[in-house]
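Some notes on the structure that comes next.
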Amino acid sequence: MLEKLKRLRYIAAVAVMLLFFPLVAMVIDFGKNFEQSPKIGIITLGDINVPGWNKSHYDGIKAACDRFGLELLVRDNVPENTGRCPAAIRELVQEGADMIFLSSFNYAVESKESVEKFHNIAFATNSSEVHTRNLTSYFPRMYQARYLSGTLAGMKTKSNVIGYVAAIPNAEVIRGIDAFTLGVQRVNPDATVVVIWTNSWQDEVKEKINAERLITEVGADVLTYHQDEDTVAKVAEKFGVDFIAYNAILSGYSEHYLASVYCDWELYYIDMIERYLKGELNTMKNHWLGIDRGAVGLREFSSAVTPEMIAKIDSFKQELIGNRQIFFGPLYDIDGEIICEDGDAISDDVLFESMNRLVKGVEILE
Amino acid sequence: MSEERKNFLEKIPFSVLLSRRIVVQFLGLLFLLICAGLFGRTAVSGLLNATLEKTVARQMSDMSIVAEERFAKELAELKMAAQYIEAHPSDENEENFLNLLKEDDLKIKVGLIRLDGSAVRGKNLSKWEFLRLPMAYRGNDVVDYCPGRGILFAVPVFKNRNVHRVLYRLYDEKLLSDMFGLAEYNSDSRLVIQERNGNIIIPYKNYGEQDKKFFENQKIRDGFKKIREILKTHKSGAVYSNSELGRYFLFATDLPQTNCSMIGYVPWKAVAGDIFKIYTIVIGCGILMLIFLAALGAYLFVVRLKAAESDELREAKEAADAANNAKSAFLANMSHEIRTPINAVIGMNEMILRESKDANIIKYAHNAAAASESLLHLINDILDFSKIESGKFEILEENYHLSDVIKSLANIIRPRADKKNLSFKIEVDENLKNNLFGDASRIRQIALNFLTNAVKYTKVGGIEFIVEQEKISDDEVFLKFTVKDTGLGIREEDVKKLFQDFERLDTRKNKNIEGTGLGLAISHRLIEMMGGEIGVQSVYGEGSTFYAKVPQKVVGEEVVGKITEDPVNKKEKSKTEYKPAFIAPEAKILVVDDNEMNLLVATSLLKGTKIQVDTAISGMECLRKIAETQYDLILLDQMMPSLDGIQTMKIAREMENNLSKDAPIIALTANAISGAREMLIGEGFDDYLSKPIDVHAMEEMLMNYLPIEKLHAPKEEDSAEEEISAEEKISQPDLKYIDVDLGLEYSAGMADLYKNILETFCDLKEEKQAKLNESFINEDWKNYTVFIHALKSTSLSLGSEKVSSKAKDLETAGKVITSAITSELEKHEAIEFIKSHHAEEMNLYDKLAEEAAQVIKTL
């Protein structure tokens, strides 16, 4: 009898405990679940696992999402101009994405209708072809880093010929070339920048030919490029020519690898998601992220870059951080026509959307 | 557990141990509950505060949007001017627009500057004061704040799509309060503008020393630090802060496109307000729950105690039930056992009264009659009580006349009172309702009990009997009997015990007063069953007043009128000289009993009525006889071997060639135990007579059931009676088994009756013994029990106690075997008993028959 009572009592105590704690947990949960964290989506052109442009974006946005504890939804291997992007947007929205980043240049153009249709979803992209109320163009002032790399190239060149393998003549590439050229001219007014077009973001064969031509035909002794991958770097390394890489910190190169023009994509996405969370993302049509925030810069100078050079480059960097503009008048184009009068400055909107003129000091290798 | 502790614990009674444990458990539960309560309070308050934080934050978001819209409006105005200047670049235009924008307010400054900050018109602006100004040089609209200078709005002026100049408007700090609508927020709150880096506070309007102290408080600073974190991912934020300064909500929102935040605080009370009355409600609920739990705990405690005791209780109850069952069985047995001899006593005594002329003998017979009546009375009391005990007692309600009840009571009590030289006064209001509906016989019983007690316990003085009625409603009254006596009275402490079972007060003093002591207990229970009230007032040594009150329905308008008592000695006389109530020489009845003795008694008692009495010794014979003869009535014994009374009755009712089909069948039974009457009538008997047979009851019954045309008034002349000398000495041989005196006693001293019985016994002996043996060999224990029962009664009435007691043992064993509740072991033992004693009994039976034959010769 007593034994029974005892056992009964323990069972009751355990039951009370078992009931008590889920209740406690429930109450806590009730308080916590008040706010549901939003989900972020990204659509990329290539595979997010292959090193390069796409992976750098994926890694950046992933790190940013982890920082805010948000869920990241990914659609990769979505080719442009196939109708796959609008479908991917629809899928992401169905999965509950609240903000979507379109990481390729033409996505916004082909998905304008989808973007407008999902007007409750915040969109951001890195091109400025299209603007809607819920789509903001987001870009780092990569040209500031290009400017600094130009000063480096200008200081390093002996032949006063600097080669530039460029992909497509759009605003982004052109303002890069222009800033680079203005940088070169800042330290070396005699040097010219020779640009050769591949007309593709990624074409290993053409990039290789172009790089070789720049070295052999025009005698460029410093190369840089605006391509998704580092074929040009390989060629330069092979020829023993100095080069400045783009968007990636490379490894396995000699001291000819002077530095990389880099962008801190993590910071870029943190800034973007912060603005989204604060409800400020779509308040502007264009959003720049500059060197003042540490978003862009030069990285890992090689031993071929002297401390004097580094100090000089740093002083230029401080100027930029102190709001010095790169594109101010007087500024002439490749044909000698004035782009910007003395005392005036090119506006961000133009830089972003319609910078289509190469500055004086650039030559094109056909 | 240490030895000491063990010993100690063993010394503590179980219930104390249990209760201590319960207290500990209860305290544990209470602790848990308090924890839950505290937690709940924190959780609820946390939840509410979180909700309020969100509300406040949302309000701040709204304020931020309002500010944003003001900025947008401001910038739009400037942009319009800038566009106009771009389109129509002339000094005049510029001058005009700037003047327009100035609004003639000294606190507003307007200017147009170059990209290096130098003024074209108005004043220079330094990018070191307005850090965001260079954004305008890049073609963006700018809102910026500089401490001491004020808030700046700047827009680019384009020329050929390039940024050419910057147009600005600068508001003095003093205007900001209105600009941000700071006054429009909650009147209890304080709002200030702060730079985003959080270091410099720009106070506005009602900002005083107290506010400064407030913002410098460490906890408040921590709160704002927390808000800063929130603002990283939210448009606005608010936190609840509880410090020595009091309870506040701190809040902040970033002003869009500026380097500024709006921060502030509002007293907790102003926001929370009545919402927190929920605390009171929650606490109230908590307390209620605590009380409920305490009650539940107490209840569980009691239940557990009970549970712990219940096993013992159950065992005790089972034992008590068993004892009670045994008691009931005993009572039933007693009733049977006692009634059979009393039947003979009363019957034979009646015969003496009827037939004897000797005054002495009649006097003895009277005494005997009185004694046996009081014996019967005792048995009836016991039976009543056993009925009530077993819940089988029923209140049988019928219409009756109150006057009849009072009269009959008076007739019984008057002679007894006279005998003790007591005065007996009846006080009855003539206007009492006479037609009542209720159990008259029980009411009479109660009143009689009071009255007989009064007579019994009163030595000198008198008895007063008062009958009253209290009106309850139009058709219901309380009938109240009050009996006052001048008897012994009752001690105060004994009054309570008065209505308890088997209680007799003052036993030493009253030892010469007879009775079971059950009378009042029965009365008490009866009154309770009828929904009435019983009570007593008594002064010890002076007398008592008993009263009983029962609700009765009134069913007529008649009043009681004057109560006329029968002449005092009428009853006495009717007893001394028996006269049959009727005679019915043409009537023919059949008496069926397996006991010749009983047949003889019944026949003798009916002699006076001149009814033609036929007898049958078994159910079978009864059936045979009713097939041959038409009887007017059948008296059928219930307990008989083979065919019992019930079976016989049922067959008779269905038999085709039954000449006596219409004859009522009355059951005769010694089983006057509770439920017997209902059972018998339920089985189909017309009525029922209990043994020992009361001659008056039997005559009354016959008068009811016999055809009216066969009933006649009794003749005046006494029927010639034979004189029987009981005193006649009979020389007896040396007898071992028969006590002739005892036998004669059972035959009421009538030698010829005794002889008759002995002869019958001898005649039937062989047949009966054969049956007994047959059932023994067949192990037919049911019939064996019936037969041995017959032998028991018969042998006793012959005067052979030896044979009878042996038969009784065997009968008991037989009953054990046939009982449904006997265990297998008990059965086995009982069978063994019969097997080992049967032969001996048969031997005795033979001897008894031999001696009986001898005795017959001597009679």
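So the sequences go chain by chain: S and D.
The first sequence begins at 1 in the working numbering and counts up by one.
The second sequence begins at 1001 in the working numbering and counts up by one.
We treat Cβ as the ideally placed atom computed from N, Cα and C, and that holds for glycine.
This one's a predicted model, so the numbers in the text were calculated from it and none came from an experiment.
>> Does the CB of R9(S) have a neighbour CB from chain D at under 8 Å?
In response: So, interface residue.
>> Less than 8 Å between CB atoms is the rule here; does T1233(D) satisfy it with respect to chain S?
In response: Interface annotation, T1233(D): in contact with chain S, CB-CB separation under 8 Å.
>> Short of 6 Å in beta carbon distance, which residues of its chain neighbour L1606(D), apart from the five on each side in sequence? Order them along the chain.
In response: Once the five neighbours on either side are set aside, the close Cβ partners of L1606(D) are V1613.
> Exposed or buried, what is E1493(D) when buried is set at 16 or more other beta-carbons lying within 10 Å of its beta-carbon?
Replying inline: When all chains shown are included, E1493(D) counts as exposed.
> Quick one: is Q1025(D) near chain S, going by C-beta distance under 8 Å?
Replying inline: By this cut-off, Q1025(D) is an interface position.
>> Short of 8 Å Cβ to Cβ, which residues in the region 65-95 of chain S face chain D?
In response: If the cut-off is 8 Å between Cβ atoms, the region 65-95 of chain S has F68 near chain D.
>> Can you pull the chain D neighbours of N323(S), defined as C-beta to C-beta under 7 Å?
In response: Counting only Cβ-Cβ distances below 7 Å, N323(S) has contacts in chain D at K1127, P1134, in chain order.
>> Any C-beta of chain S within less than 8 Å: which residues of the region 1152-1167 of chain D qualify?
In response: Listed in chain order, the positions of the region 1152-1167 of chain D with a beta carbon within less than 8 Å of a beta carbon of chain S are P1156, F1158, K1159, N1160, R1161, N1162, V1163, H1164.
>> Pop quiz: K360(S) and D333(S) are said to be a contact at Cβ under 8 Å. What is the actual Cβ separation, rounded to whole angstroms?
In response: Cβ-Cβ separation between K360(S) and D333(S): approximately 6 Å, consistent with a contact (criterion under 8 Å).
> Under a CB-based cut-off of 8 Å, is A179(S) close to chain D?
Replying inline: Chain D contact via Cβ: absent.
> So L1290(D) packs on L1033(D), CB below 8 Å; how close in whole Å?
Replying inline: Right, their Cβ atoms sit about 7 Å apart.
> First and last residue of the beta strand (DSSP E) that includes R1165(D)?
Replying inline: Residues 1162-1171.
>> Considering only their Cβ atoms, is the gap separating F1450(D) from F1546(D) smaller than 8 Å?
In response: Yes, the Cβ-Cβ distance between F1546(D) and F1450(D) is below 8 Å.
> Within 8 Å (strictly less), CB to CB, does L1844(D) reach chain S?
Replying inline: Not closer than 8 Å to any Cβ of chain S, the Cβ of L1844(D) fails to qualify, so no.
>> Taking 8 Å as the threshold (beta carbon to beta carbon), is R1444(D) in contact with chain S?
In response: Closer than 8 Å: no.
> Comparing the C-beta of K278(S) with each C-beta of chain D, is any distance below 8 Å?
Replying inline: Residue-level contact by beta carbon holds for K278(S) and chain D, with a gap shorter than 8 Å.
>> Would T1507(D) pass as an interface residue toward chain S - the criterion being a Cβ-Cβ separation below 8 Å?
In response: Low per-residue confidence applies at T1507(D): pLDDT is 49, beneath 50, and the placement is therefore not dependable, though the value from the model is reported in the following sentence. Not one beta carbon of chain S lies nearer than 8 Å to the beta carbon of T1507(D).
> Where L1027(D) and A1238(D) are concerned, what is the direct C-alpha to C-alpha distance, given to the nearest angstrom?
Replying inline: Spanning the two alpha carbons is a distance of roughly 41 Å.
> What are the start and end residues of each continuous beta strand (DSSP E) run of 3 or more residues lying completely inside the region 276-301 of chain S, in chain order?
Replying inline: The qualifying runs are 286-289, 296-299.
> What number of angstroms, rounded off, separates the C-alpha of R1525(D) from the C-alpha of S1618(D)?
Replying inline: Here the alpha carbon of R1525(D) sits roughly 41 Å from the alpha carbon of S1618(D).
> So the alpha helix (DSSP H) M1649(D) belongs to, where does it begin and stop?
Replying inline: Looking at the DSSP string, the run of the alpha helix (DSSP H) that includes M1649(D) is 1645-1654.
> Is there at least one Cβ from chain D nearer than 8 Å to R357(S)'s Cβ?
Replying inline: No - not a single Cβ of chain D is within 8 Å of the one on R357(S).
> Should M1639(D) be labelled buried (16 or more other beta-carbon atoms within 10 Å of its own) or exposed?
Replying inline: When all chains shown are included, M1639(D) counts as buried.
> Is the distance from the Cβ of D1254(D) to the Cβ of S1061(D) below 8 Å?
Replying inline: Remark: C-beta atoms of D1254(D) and S1061(D) do not approach each other more closely than 8 Å.
>> For E1350(D), count the other beta carbons within 10 Å of its own beta carbon; 16 or more makes it buried, fewer makes it exposed. Which is it?
In response: Sixteen is the threshold: when 16 or more other Cβ atoms of the shown chains lie within 10 Å of the Cβ of E1350(D), as they do, the residue is buried.
>> Could you check whether the Cβ of Y1137(D) sits closer than 8 Å to any Cβ belonging to chain S?
In response: When Cβ-Cβ separations below 8 Å define contact, Y1137(D) makes contact with chain S.
> Going along chain S, which residues have a C-beta under 9 Å from R1114(D)?
Replying inline: Ordered by position in chain S, the residues that pass the 9 Å Cβ test against R1114(D) are G343.
> Residues of chain S with CB under 7 Å from N1140(D), in chain order?
Replying inline: Against chain S, the beta carbon of N1140(D) has neighbours under 7 Å at D348, listed in chain order.
>> In the DSSP output, what is G1111(D) paired with across the bridge?
In response: According to DSSP, G1111(D) bridges with Y1168(D).
>> According to DSSP, simplified to helix, strand and coil, what is H1524(D)?
In response: Residue state, collapsed to three classes: helix.
> Closest Cβ-Cβ distance between T216(S) and chain D: below 8 Å?
Replying inline: Not an interface residue.
>> Whole angstroms are fine: how far does the CA of N120(S) sit from the CA of N1259(D)?
In response: Each residue's alpha carbon lies about 28 Å from the other.
>> Residues in the same chain with beta-carbon distance under 6 Å from L331(S), minus the five sequence neighbours each way, listed in chain order, please.
In response: If you ignore the 5 residues before and after L331(S), its C-beta comes within less than 6 Å of the C-beta of I339, C340, all in its own chain and listed in chain order.
> Around the C-beta of S1804(D), are 16 or more other C-beta atoms found within 10 angstroms, so that it is buried, or is it exposed?
Replying inline: Buried.
>> Tell me the DSSP secondary structure of H256(S) in three-state form.
In response: If DSSP states are grouped into helix, strand and coil, H256(S) belongs with coil.
>> So, under 8 Å CB-CB, E1081(D) and L1167(D) are touching, yes? Tell me the CB distance rounded to an integer number of Å.
In response: First, the amino acid is wrong: residue 1081(D) is Ala here, not Glu. Their Cβ separation, rounded to whole angstroms, is 6 Å, which keeps A1081(D) and L1167(D) in contact under 8 Å.
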